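K.L.:
This structure is in structure tokens; I'll ask about it shortly.
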Amino acid sequence: MCPSVSRGAKGACCYGDVPSWRCSEEARPDEMDSTVPAVAEELLREIKKAFKETSHVPDDLLLGLKFIFGPCAVPALDLVDQRSVTRVTSPSGRTAYQVLGSSGKLYTCYSSCHFCTCPAFGFTVLQKSESLLCKHILAVYLSQAMGACQELTVSEEQLINILLADKEDEG
């Protein structure tokens, strides 16, 4: 388990099963990590800009989203529409995201190192390299861009319990 999941921390991710290239050297607040290709980062920045100016995402950007992220784009947008993304922050500033998946299961995502606890991430992203990310991480990025994250502040102990609960689910 990563000792620090806070955004902005150097070496923010050190998961045993996550390749080091999946983790950025330095996470940047309110930006996508360098693990997401530059074209995807630029698209997400354009979505953020358009949404800030007009409170909606233009069709051309939605098409770009579908083109770059493939089949996870529409389900990720559904998760954002349902306000299924919660930013969980502890007093020390450590941050993780929880996404209520379409199946009703809660997944923990770490945007600072581009990781999700869902099985689809492990299989399609890590094992098969068929996708850049899962719908849950894309929903986190889109929620950040659209200001649609729920906010939850928890104690350090509660955050540790959230992280440990995910570890127990895996093993």
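At position 39 of the sequence shown the residue is numbered 42 (the numbering used here), and the sequence of numbers has no breaks.
Don't be surprised by glycine CBs; every beta carbon is placed ideally from N, CA and C.
Please read all numbers here as calculations on a predicted model, not as lab measurements.
Answer with buried or exposed for K51, where buried requires no fewer than 16 other C-beta atoms within 10 angstroms of its C-beta.
P.N.:
Per the 10 Å Cβ criterion, buried.
K.L.:
By a C-beta neighbour count over all protein chains shown, 10 Å radius and 16 as the cutoff for buried, is C112 buried or exposed?
P.N.:
Buried is the call here.
K.L.:
Enumerate in chain order the residues of its own chain whose CB-to-CB distance from E154 is below 8 Å, with the five nearest sequence positions on each side excluded.
P.N.:
The residues are T89, R90, T92.
K.L.:
Per DSSP, E154 is paired with what?
P.N.:
Answer by DSSP bridge pairing, in chain order: R90.
K.L.:
What's the gap between the Cα of K55 and the Cα of M149?
P.N.:
In a straight line, the C-alpha of K55 is about 7 Å away from that of M149.
K.L.:
Given a threshold of 16 other Cβ atoms within 10 Å of its Cβ, counted over all protein chains shown, does G96 qualify as buried or as exposed?
P.N.:
It counts as exposed.
K.L.:
Would you tell me roughly how many angstroms separate the C-alpha atoms of Y110 and L145, rounded to the nearest one?
P.N.:
So the alpha carbons of these two residues sit roughly 16 Å apart.
K.L.:
From this set, C116, Q85, L66, C75, which residue's C-alpha is nearest S134's C-alpha?
P.N.:
When each option's Cα is compared against that of S134, the closest is C75.
K.L.:
Whole angstroms are fine: how far does the CA of K131 sit from the CA of A53?
P.N.:
C-alpha separation (whole angstroms): 33 Å.
K.L.:
Excluding the five sequence neighbours on either side, which residues of its own chain have a C-beta within less than 8 Å of the C-beta of T176, listed in chain order?
P.N.:
Any answer about residue 176 is impossible in this case: the structure gives the chain only from 4 up to 174.
K.L.:
Does the distance from the C-beta atom of A151 to that of V102 stay below 8 Å?
P.N.:
Cβ distance not < 8 Å, so A151 and V102 don't count as in contact.
K.L.:
Give every residue of the same chain whose Cβ lies closer than 6 Å to the Cβ of G104, excluding the five residues on either side of it in the sequence, and list them in chain order.
P.N.:
Contacts found: Y110.
K.L.:
Taking 7 Å as the cut-off, is the CB of Y110 close to at least one heavy atom of the ligand HEM?
P.N.:
For the ligand HEM, the structure offers nothing, since it holds no ligand at all.
K.L.:
Expressed to the nearest angstrom, what Euclidean distance is found between the alpha-carbon atoms of A43 and I71?
P.N.:
Cα-Cα distance, rounded: 7 Å.
K.L.:
I140: which of L66, P94, D81 sits nearest, CA to CA?
P.N.:
For I140, the nearest C-alpha among the options comes from D81.
K.L.:
Compute the Euclidean distance between the alpha carbons of P40 and G67, then round it to the nearest angstrom.
P.N.:
Approximately 14 Å, taken between the alpha carbons.
K.L.:
Which of helix, strand or coil does DSSP assign to T98?
P.N.:
Of the three classes helix, strand and coil, the one that applies to T98 here is strand, per DSSP.
K.L.:
Between the C-alpha atoms of T98 and Q85, what's the straight-line distance to the nearest angstrom?
P.N.:
If you take the alpha carbons of T98 and Q85, they lie about 21 Å apart.
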